[in-house]
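Notes for the one structure printed next.
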């Protein structure tokens, strides 16, 4: 029997689900009457984990982003995993906004998670490993309590718990 149990705290968005969200959003943009004849577009750059939204003006850009958010909610993609950049002017009088897709825990958030575990005085240790936090304990019940504690906290991220063993 194992003497230590552990799980990993991560924050990432499934890229296949994100592709589906983008496809559904583009389909709705193509079908809606208020987008006929506009230059509204949405591009997913998987390698860079970016979404680029392009539209004629701020109003249409916000409408595309609202459609995107609605599709994310429908497909259970967390909106906390999307970081919106500022709106920029693009070619031909259009506007563009870049959205960064969350993958992994930023260093400051990982430190906040480990600090939260220590301050709550659990008999568990949090340890930063790259873009995730591994939590270890001798008791499975203690790990369940840590999970419940972390779910109750708001770190500004969508947290997932993986590799529970």
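In our numbering, the protein residues as written are 21 to 185. C-beta: ideal position from N, C-alpha, C; glycine also.
On the CB-based measure, 16 or more other CB atoms within 10 Å of its CB, does residue 64 come out buried or exposed? buried
Can you find the residues in the same chain that come closer than 7 Å, C-beta to C-beta, to residue 166, ignoring five residues on each side of it along the sequence? Closer than 7 Å at Cβ, skipping near neighbours: 137, 142, 144, 155.
Can you say whether residue 168 is buried or exposed, counting buried as having 16 or more other CB atoms within 10 angstroms of its CB? With fewer than 16 other CB atoms across the displayed protein chains lying within 10 angstroms of its CB, residue 168 is exposed.
For residue 60, collect the residues of the same chain with a Cβ closer than 6 Å to its Cβ; drop the 5 residues on either side in sequence, then sort them by chain order. 49, 75, 80, 84
Among 38, 185, 153, 55, which residue has its Cα nearest to the Cα of residue 127? 153
contact_flag[the segment 38 to 56, the segment 173 to 182] where n(CB pairs < 8 Å) is 3 or more: Per the Cβ contact rule, the segment 38 to 56 is not in contact with the segment 173 to 182 (fewer than 3 Cβ pairs under 8 Å).
Start and end of the beta strand (DSSP E) containing residue 103? 102 to 109
Looking at the structure shown, is residue 145 part of a helix, part of a strand, or coil, going by DSSP? strand
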